[in-house]
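Residue numbers (this note's numbering): 836 to 1194. Note that beta-carbon positions come from the ideal geometry of N, C-alpha and C, so glycine has one too. Predicted, not measured: the structure shown is a model, and the values here were computed from it. First up is the structure itself, then whatever we jot down about it.
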């Protein structure tokens, strides 16, 4: 990897957990409360925003989604793909878990818990939508926050960049087919036109814009890129929180009527996160991958690109859908769970490396 890419990797993966990121769960809770109250006492305001659509795309939300995603996609360095061979074992684990295992285990968890275990307590007309939301969440592995998790578990910066770059490249081509396959298996109608439009709107176009801005900034030097990323980073989280307020304003009546829905949706997401993290970590250990590679390899699969999942859920099923609510629950539990997993990875380093010494 070039010296420039190495600097990018160290700075991107070495960035500390910012103020908004550190308390993301708190902000999400406050947005849930604020959005729910708005939906209960001023539903006409949220409905007015929801009516601003073109080709089934809500304009205010579309803009918010781009503000969310573009700063994160600006961190991606596709030149890192050239390092695939050096870390082929760790990357093999990443790709296998993210694209051959994770979407399907999430679909199974959704089927098990939402169609069977909790079916009696969920509104029957929304179960298909809840399942679709979890499928969208499972098919969107992490892109941006993995830099933070990698840093906290002392992961290799260059490997983190490489796996994120490859993961995003795969996502452009694999996200829509996998989602369509799993929706079909779950007997949920597949709106192909909206799904493909969502991929273009929320992956292809933002990725192109982000990489264009990144290349322009890099002409002025690495410091210029890092300065701009630091400036615009908080706007990404603020846009996410504003979207959540709108989402929960549409869900206010449902949440008040059945407050346990969020807890029931959280169960399969939590179990999925723990399963995928453990599987990725164990596979790396079996392949005798270095610990600083195993950490980020496990983290990228366990966490989700929830910004994309929220955006596509809104585009496919609408603001007031169970799918949108299910993806938002993923935001709610991700930060505390991932912080706990980081601690587990760090505390188990001695156990992990004993396996390598014995072999």
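Assigned exposure category for residue i - 16 Cβ within 10 Å defines buried
i, result
"residue 1008", "exposed"
"residue 956", "exposed"
"residue 958", "exposed"
"residue 1071", "buried"
"residue 1094", "exposed"
"residue 921", "exposed"
"residue 1027", "exposed"
"residue 938", "buried"
"residue 1024", "exposed"
"residue 1091", "exposed"
"residue 1047", "exposed"
"residue 1062", "exposed"
"residue 1149", "buried"
"residue 861", "exposed"
"residue 997", "buried"
Sub-8 Å separation of residue i and residue j beta-carbons
i, j, result
"residue 968", "residue 1109", "no"
"residue 1084", "residue 870", "yes"
"residue 1081", "residue 863", "no"
"residue 928", "residue 1037", "no"
"residue 909", "residue 1045", "yes"
"residue 1106", "residue 1163", "no"
"residue 1165", "residue 1182", "no"
"residue 974", "residue 1039", "no"
"residue 995", "residue 1171", "no"
"residue 993", "residue 976", "no"
"residue 1144", "residue 972", "yes"
"residue 1173", "residue 984", "yes"
Own chain, CB closer than 7 Å to residue i, minus 5 neighbours either side, in chain order
i, result
"residue 1187", "1120, 1126, 1129"
"residue 1041", "901, 904, 905, 908"
"residue 1006", "1038"
"residue 884", "895, 1081"
"residue 841", "Here the model assigns residue 841 a pLDDT of 38, short of 50, so the residue's position is not dependable, and the following value carries that caveat. Counting only Cβ-Cβ distances below 7 Å, and skipping sequence neighbours, we find 993."
"residue 1102", "948"
Whole-Å CB distance - residue i paired with residue j, under 8 Å assumed
i, j, result
"residue 1104", "residue 1168", "6 Å"
"residue 899", "residue 1077", "6 Å"
"residue 1136", "residue 932", "4 Å"
"residue 1176", "residue 1074", "About 26 Å; that fails the 8 Å criterion."
"residue 1000", "residue 1141", "Not confirmed; about 20 Å, so no contact."
"residue 1114", "residue 936", "7 Å"
"residue 866", "residue 1180", "Residue 866 to residue 1180, Cβ: 29 Å. No contact."
8 Å Cβ shell around residue i - same chain, five flanking residues per side excluded
i, result
"residue 1099", "948, 949, 953, 956, 957"
"residue 1178", "none"
"residue 1021", "942, 945, 946, 963, 966, 967, 970"
"residue 1184", "1126"
"residue 940", "973, 1107, 1110, 1111"
Chain-order list of residues whose beta-carbon lies under 6 Å from that of residue i (same chain, five-residue window excluded)
i, result
"residue 1124", "924, 925"
"residue 849", "Here the model assigns residue 849 a pLDDT of 44, short of 50, so the residue's position is not dependable and the matter cannot be decided."
"residue 942", "970, 1017"
"residue 961", "1157"
"residue 1122", "924"
"residue 837", "Any answer about residue 837 is weak, because its pLDDT of 35 lies below 50 and its placement is not dependable; what the coordinates show is given next. No residues qualify anywhere along the chain."
"residue 991", "1127, 1128"
"residue 1053", "1060"
"residue 1067", "906"
Those residues which DSSP pairs with residue i across a bridge
i, result
"residue 976", "1139"
Short CB-CB distance (under 8 Å) between residue i and chain B
i, result
"residue 1125", "Any reference to chain B falls outside this structure, which holds one protein chain only."
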